[in-house]
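S.K.: There's a structure below that I have some questions on.
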Amino acid sequence: METLKIISSPIVTLFVGGLAIYLYYKQKIENKRDAAKLILQEIRYAEQQIRSFRDSGSYPLSTKLLPTNNWHNKINLFIKDLNESEIDLISRFYSTASYIDTLVNKISDQKNNSVIPVAATQVSVPFSPQQPPVPGVPLAIPIGLQTFEFVSQTILLEISNKVEFINNTAAIEKLRNIARNKVKWIF
């Protein structure tokens with residue numbers, strides 16, 4: 014009986030240690046797979062928005078190409094799987110999409126801060142005795158704002174037309190393979 018205790022204690026310890034190591038690596042692979050799925054989704058969405066801009070000529074001011082920048086946060090997970098040129102390709106795409114987001118955000122801020130002329134806002138509203146009439150305030154659009162908006166739109170158009178779509182490249186195919194990778198249980 015004493016011999017059984019002496020033999021079983023190291024076996025149980027070895028089994029528990031092996032299980033802990035297995036679970037650690039399983040979780041690491043699952044985190045990498047989930048990150049690859051998120052990055053693929055972000056790239057697909059950003060490319061879809063850029064294609065839509067090329068067709069319609071405008072970005073929705075309320076949406077971002079990259080709501081979250083998972084590539085920036087998770088690039089370290091893919092260093093062993095992608096070569097330098099593939100990492101550069103994805104980083105360049107994310108950088109360009111992020112710059113487009115910045116331009117759209119600045120244009121949106123400028124439009125939200127712009128002042129509309131009174132003549133453009135004249136709406137005939139019937140007089141209500143409960144609400145006193147509001148005197149008109151003369152408004153104008155500053156010349157600098159119009160120039161800034163034109164320059165921003167020009168840069169936005171130029172950058173958007175130069176974006177290189179990467180969804181069908183070898184780098185993205187490697188990310189797809191990582192995203193499909195399943196961790197199999199031994200038992």
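At position 35 of the sequence shown the residue is numbered 48 (the working numbering), and the sequence of numbers has no breaks. Note that beta-carbon positions come from the ideal geometry of N, C-alpha and C, so glycine has one too.
#1: Starting from residue 109 and walking both ways along the alpha helix (DSSP H), at which residues does that stretch end?
#2: Quick check: the segment 93-105 against the segment 64-83, are there 3 or more CB pairs under 8 Å?
#3: Going by DSSP in three states, residue 167 sits in which element: helix, strand or coil?
#4: If contacts are defined as beta-carbon pairs under 8 Å, then residue 114 and residue 78 qualify, I think. What distance do you get, rounded to the angstrom?
#5: In the DSSP assignment, find the unbroken alpha helix (DSSP H) run with residue 86 in it and report its ends.
#6: In angstroms with no decimal places, state the Cα-to-Cα distance between residue 206 and residue 66.
#7: Pair every Cβ in the segment 178-185 with every Cβ in the segment 116-123, then say whether three or more of these pairs are closer than 8 Å.
M.R.: This is what the structure gives:
#1: Annotation: the continuous alpha helix (DSSP H) that includes residue 109 extends over 97-126.
#2: No, because fewer than three Cβ pairs between the segment 93-105 and the segment 64-83 fall closer than 8 Å, the two stretches do not touch.
#3: helix
#4: 5 Å
#5: 83-87
#6: In the structure as shown, the chain starts at 14 and stops at 200, and residue 206 therefore has no counterpart that could be examined.
#7: no
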